[in-house]
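Under the working numbering, the residues of the sequence shown are numbered 1 to 438, in order. These notes are about the structure you will find just below.
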Amino acid sequence: MQALTIVPILAVLILVHELGHFLAARLFGIRVLEFGIGLPPRLFGIRRGGVLYSINAIPLGGFVRVVGEDSHTLGPDSLQTKPRWQRAVFFGAGAFMNLLLAFVIMMALVGFRGEPQFHLYVAEVVPDSPAARAGWQPADRIVALDGKPVRDASELVERTERAAGRPLHVTLLRGDERIDTTVVPRENPPPGQGRTGIRVVIEPAARLTVAAVQPGSPADLAGLRPGDRLVRVAGYPAEDAAVYFLLIQQHAGKAIEITGERDRQLLTVTIHVPPSTSGETPNLGMTLRPTLVTAPVPLWRIPLEAARQTAIMVIQMVQGLAMLLRGEASLSDLAGPIGMGQLTSELLAISPEPAWVTLGHLAALLSINLAILNLIPFPALDGGRLFFVLIEAIRGRRISPEKEGLIHLIGFAILLTLMFIIAFADIGRLLSGESLLR
């Protein structure tokens, strides 16, 4: 049933897209014939101000019909007679509304959910490296460089690069202990080791709760049960999944103490960690459910952070399209409504976020996808119609309406064929049990 959640999401996204065209038409005096909620066949409609507002049988999106869009009707209220810039705004208004909707969704998420807190850990220390000589250990959390907080791996690399050849004061957290160290990043490090000789992992802060325990497993034998919240692992605060897995890996073949909370009471158990034969993290036989920890965002920063996250999604979408055009991605990586339903179900099953946050992120991402896909200069899409307006501006005259209409018709047929191909691929993926999150 979770997969069906995508239906109202897609309906709203498409409806907002069409609302953009509707508002642009009203703004420029283009006569709107019909504003439809859902897709035909029509169930009923009400005429107000010369516009038919209809409710249609297929509850997926909507549409706008205006005078002169798909016909050669002339007149002061026809799309055909409007200036080029007004026609361009009309065709681009749907995509603009989708981008605006994504920004508004991200504003709500940032404002109500807050900002995830990320932890940066040392995952591996190369022997005899500057980090090793400074006493760094795996599972140490990197807190600050030269007294200034470090937020992510890219900032760590950038500031370490700038400090090459000179002492860099690094503050670490080892369990509850705060440790001040001094490291001298190498100017000419060996290949693959980096300036300090460490591998790092970044992980969002999260509360870890036992979701399931396999009968007869080390976790079961130690007395852990579903619902237990991990508090400490080997003396380290259980603040995220990264430090948990690092510590379990360090204790392969040894005993490890884990403190948990059950019914508001603390309990400490000793688990004998199985040996690791392939270098992978040993399996204790329990599944953890992380719940992200967030911090409030100041009011003035909410629109800035929402704009930043929206821009990141736009860039990622454009990069994905570029990969598709370069042949680095295939049509099997695309998904239609059926695949989106599968994706929704899979995301809700594994996301450490509340369902409303996960669905909000998905809605924002799909809204951006809808905007950018519609701006592709392909016949029948808004981008294709914008392209014809551009050609008209360059040539100084229009392409024959008959030729343009035929090109859009061919483009629509190609898009329809592509939609069927993607739908069959989505069904095949569902039947085979293949995940979209591979």
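Backbone N, C-alpha and C define an ideal beta-carbon position, used for all residues, glycine too. Since this is a predicted model, take the numbers as computed values, not measurements.
Test item: CB-CB of residue i and residue j under 9 Å
| i | j | result |
| --- | --- | --- |
| residue 143 | residue 171 | yes |
| residue 53 | residue 38 | no |
| residue 425 | residue 327 | no |
| residue 93 | residue 21 | yes |
| residue 25 | residue 31 | yes |
| residue 287 | residue 183 | no |
| residue 306 | residue 107 | yes |
| residue 206 | residue 239 | yes |
| residue 405 | residue 70 | yes |
| residue 18 | residue 90 | no |
| residue 195 | residue 158 | no |
| residue 113 | residue 269 | no |
| residue 262 | residue 227 | yes |
| residue 88 | residue 386 | yes |
C-alpha gap between residue i and residue j, whole angstroms
| i | j | result |
| --- | --- | --- |
| residue 435 | residue 335 | 12 Å |
| residue 73 | residue 27 | 19 Å |
| residue 378 | residue 7 | 26 Å |
| residue 285 | residue 230 | 15 Å |
| residue 395 | residue 388 | 10 Å |
| residue 179 | residue 153 | 20 Å |
| residue 241 | residue 410 | 52 Å |
| residue 215 | residue 300 | 51 Å |
| residue 293 | residue 117 | 7 Å |
| residue 174 | residue 280 | 23 Å |
| residue 333 | residue 322 | 13 Å |
| residue 309 | residue 366 | 14 Å |
| residue 105 | residue 361 | 8 Å |
| residue 427 | residue 414 | 20 Å |
| residue 330 | residue 419 | 15 Å |
| residue 85 | residue 408 | 20 Å |
| residue 364 | residue 68 | 32 Å |
| residue 391 | residue 429 | 41 Å |
| residue 147 | residue 291 | 30 Å |
| residue 75 | residue 303 | 42 Å |
Assigned secondary structure, residue i (DSSP; H/G/I helix, E/B strand, else coil)
| i | result |
| --- | --- |
| residue 368 | helix |
| residue 180 | strand |
| residue 251 | coil |
| residue 328 | coil |
| residue 148 | strand |
| residue 16 | helix |
| residue 256 | strand |
| residue 376 | coil |
| residue 288 | strand |
| residue 345 | helix |
| residue 319 | helix |
| residue 92 | helix |
| residue 192 | coil |
| residue 57 | strand |
| residue 86 | helix |
| residue 72 | coil |
Counted within 10 angstroms of its Cβ, other Cβ atoms place residue i as buried (16 or more) or exposed
| i | result |
| --- | --- |
| residue 44 | exposed |
| residue 256 | buried |
| residue 369 | buried |
| residue 167 | exposed |
| residue 128 | exposed |
| residue 315 | exposed |
| residue 136 | buried |
| residue 190 | exposed |
| residue 40 | exposed |
| residue 318 | exposed |
| residue 433 | exposed |
Distance between beta carbons of residue j and residue i, contact taken as under 8 Å
| i | j | result |
| --- | --- | --- |
| residue 139 | residue 246 | 5 Å |
| residue 95 | residue 371 | 4 Å |
| residue 119 | residue 141 | 6 Å |
| residue 259 | residue 289 | Residue 259 to residue 289, Cβ: 18 Å. No contact. |
| residue 344 | residue 5 | 5 Å |
| residue 276 | residue 249 | 7 Å |
| residue 218 | residue 297 | In fact, because the Cβ distance is near 40 Å, the residues do not count as touching under 8 Å. |
| residue 123 | residue 199 | 5 Å |
| residue 187 | residue 222 | The pair is not a contact, with the Cβ atoms about 48 Å apart (cut-off 8 Å). |
Below-9 Å beta-carbon distance, residue i vs any chain B residue
| i | result |
| --- | --- |
| residue 174 | Structure shown: chain B not included; a single protein chain is present. |
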